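One structure below.
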Ligand SMILES: Nc1ncnc2c1ncn2[C@@H]1O[C@H](COP(=O)(O)OP(=O)(O)OP(=O)(O)O)[C@@H](O)[C@H]1O
Ligand SMILES: [Mg+2]
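In the working numbering, the protein residues as written are 2 to 455.
This is the structure we're talking about:
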């Protein structure tokens, strides 16, 4: 890919689509320049540390690598690279049909996937090939929003079910991709390992019907579809959302459905308010944009996160409880067996002038699965401590909490998870050996933390 690639970024932040600026990808770096009009509007930029209030008319640049081949903020607009990702499958099929050959793995294909699916996703930025494509897309997505139309709901629903059975359950059934597109619109990219769609629906429907995102009088949701290799995952995730809610964390409304062999968890989106997008950026993206040597979650230690927020606090108006909230989430992850609290599972909502932690999402206790049985996806070094329980106590100090505050946070987390083991054992769809493994793990973590105060 010797030539420069061009794209544009637009946003509907104000309620009306407007262009933010121009993006250029070369072999060495990616760069972005705001339009004069967008700068004059003083609206939030495309990412926190690339905001117009910091860069002005200067071009924002980032040195690309194989691991991060675009601005870190744009990574979530590329469909996740795993075989179950519905969007990647769909867009690769389209590329294959267009070119008549297998899309080669690498930067060129990733860029094409970004341009095809980089709009209408999570957060406030929409990426397109050019301004004409942007205008057309907004026009057609407004049409479906206005019309509140769902073509032939019955037949398209059965087509959608067939698509999911084929792509998630590996059943040998055919479906019509055209009908799916007509029903749900071109499907925007969404990250993560579990197959998911961005759709809207009516909460409380006993049998869910899904509509394009943004449909009037419906709720926008992230719809997760459980793959057979993770039987019971969505029940565990729903339980963990519930436990966090009971403990006073901010948790989006969610709905669990089972239908015709398919299992769904629909989580209401917090990156939309009254149909308008809210800026949302993962901690991964914020750190990688600020530190060009940072390339993956493993490049930072848990006890360095407090310092990251201190630094961020110098340019952004951060909610004052952010550090304590994050420490409390880390304790909950430890005590529920969620070793998968990586830097894409923590995000910030808002712009530089008002920024806070996003509500809880993806709290699934992945340690139930032996191959995901990792204490913490963000690494730490407990070698200087008697045990890792002692490390997690000390960790609270690195988030700026006084000893008393740390003690409170730990007692609260122990209390909030006191019924967890019992409730895990009630989840019949989770294979019994996984329930046993999870229970054993969390009981050990409980004992370790309790021991610190005896
Ligand atoms: N309720 C929500 N509102 C807005 N965005 C959300 C919501 N839930 C998830 N997201 C976004 O979608 C992405 C994928 O969701 P999630 O992390 O739940 O999926 P996953 O497949 O379980 O991820 P992982 O690969 O971490 O296991 C998140 O990183 C986040 O950006
Ligand atoms: Mg996730």
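Here a beta-carbon is modelled for each residue, glycine too, at the ideal position from N, C-alpha and C. None of these values were measured; they are calculated from a predicted model.
Query: Are the CB atoms of residue 266 and residue 273 within a distance shorter than 8 Å?; Result: no
Query: Looking at C-beta atoms only, is the number of pairs between the region 192–201 and the region 83–96 that lie closer than 8 Å three or more?; Result: yes
Query: In the structure shown, what three-state DSSP assignment does residue 293 receive?; Result: coil
Query: Check each candidate in 113, 431 and 44 and name the one with the smallest Cα separation from residue 76.; Result: 113
Query: Thinking residue 16 and residue 35 are a contact (beta carbons under 8 Å), I'd like their distance in whole angstroms, please.; Result: Actually they are not in contact, since the Cβ atoms of residue 16 and residue 35 sit about 19 Å apart, beyond 8 Å.
Query: Does ligand 2 have even one heavy atom less than 7 Å from the beta-carbon of residue 437?; Result: no
Query: What do you reckon, are the CB atoms on residue 360 and residue 279 nearer than 8 Å?; Result: no
Query: Excluding the 5 residues flanking residue 447 on each side, which residues of the same chain have their C-beta closer than 8 Å to its C-beta?; Result: 336, 415 and 418
Query: Compare the C-alpha of residue 363 against each of 420, 206, 130 and 192 and name the closest.; Result: 192
Query: Report the rounded CA-to-CA distance for residue 18 versus residue 347, giving the unit in angstroms.; Result: 28 Å
Query: Which value, in whole angstroms, describes the spacing of the CA atoms of residue 327 and residue 204?; Result: 29 Å
Query: Just mark residue 73 as buried or exposed, buried being the case when its beta carbon has 16 or more other beta carbons within 10 Å.; Result: buried
Query: Rounded to a whole number of angstroms, what is the C-alpha to C-alpha distance between residue 241 and residue 333?; Result: 9 Å
Query: Collect the residues with a C-beta less than 6 Å away from any heavy atom of ligand 2 and give them in sequence order along the chain.; Result: 193, 345, 346 and 363
Query: Rounded to whole angstroms, what is the Cα-Cα separation between residue 226 and residue 181?; Result: 16 Å
Query: Any heavy atom of ligand 1 closer than 7 Å to the beta-carbon of residue 77?; Result: yes
Query: Write down every uninterrupted run of the beta strand (DSSP E) in the region 31–85 whose length is 3 residues or greater and which is fully enclosed by it, in chain order.; Result: 61–64
Query: For the beta strand (DSSP E) that contains residue 99, what are its first and last residues?; Result: Here residue 99 belongs to no beta strand (DSSP E); instead the alpha helix (DSSP H) covers 87–100.
Query: Give the single residue among 264, 189, 254 and 224 whose Cα lies nearest to the Cα of residue 170.; Result: 264
Query: Looking at the structure shown, is residue 9 part of a helix, part of a strand, or coil, going by DSSP?; Result: strand
Query: CB of residue 271 to nearest heavy atom of ligand 1: below 7 Å?; Result: yes
Query: Classify residue 50 as buried or exposed, calling it buried when 16 or more other Cβ atoms lie within 10 Å of its own Cβ.; Result: buried
Query: Please name the residue, chosen from 356, 343, 281 and 117, that lies closest to residue 306 on a Cα-to-Cα basis.; Result: 343
Query: Would you tell me roughly how many angstroms separate the C-alpha atoms of residue 453 and residue 404, rounded to the nearest one?; Result: 12 Å
Query: Any heavy atom of ligand 1 inside 7 Å of the beta-carbon of residue 253?; Result: yes
Query: Should residue 442 go down as buried or exposed, given a rule of 16 or more other Cβ atoms within 10 Å for buried?; Result: buried
Query: Can you tell me whether residue 154 is buried or exposed, with buried defined as 16 or more other CB within 10 angstroms of its CB?; Result: Because the pLDDT at residue 154 is just 49, under 50, the model does not fix this residue reliably, and the value given afterwards should be weighed accordingly. Exposed, since its Cβ has fewer than 16 Cβ neighbours within 10 Å.
Query: Between which residues of its own chain and residue 150 is the CB-CB distance below 8 Å, once the five residues before and five after are set aside?; Result: Confidence in residue 150 is poor, its pLDDT being 48 and thus under 50, which makes the residue's placement unreliable; the coordinate value appears in the next sentence. There are no such residues.
Query: From the DSSP secondary-structure annotation, give me the bridge partner or partners of residue 421.; Result: Answer is none; residue 421 lacks a bridge partner.
Query: Just checking residue 274 against ligand 1 - is the residue's beta carbon closer than 7 Å to any of the ligand's heavy atoms?; Result: no
Query: What's the gap between the Cα of residue 288 and the Cα of residue 295?; Result: 7 Å
Query: What residues are listed by DSSP as bridge partners for residue 259?; Result: 264
Query: Any heavy atom of ligand 1 closer than 7 Å to the CB of residue 100?; Result: no
Query: State buried or exposed for residue 259, treating a residue as buried only when at least 16 other CB atoms are found within 10 Å of its CB.; Result: exposed
Query: Using the DSSP secondary-structure output, state which residues sit across from residue 278 in a beta bridge.; Result: 273
Query: Can you tell me the Cα-Cα spacing of residue 32 and residue 121, whole angstroms?; Result: 22 Å
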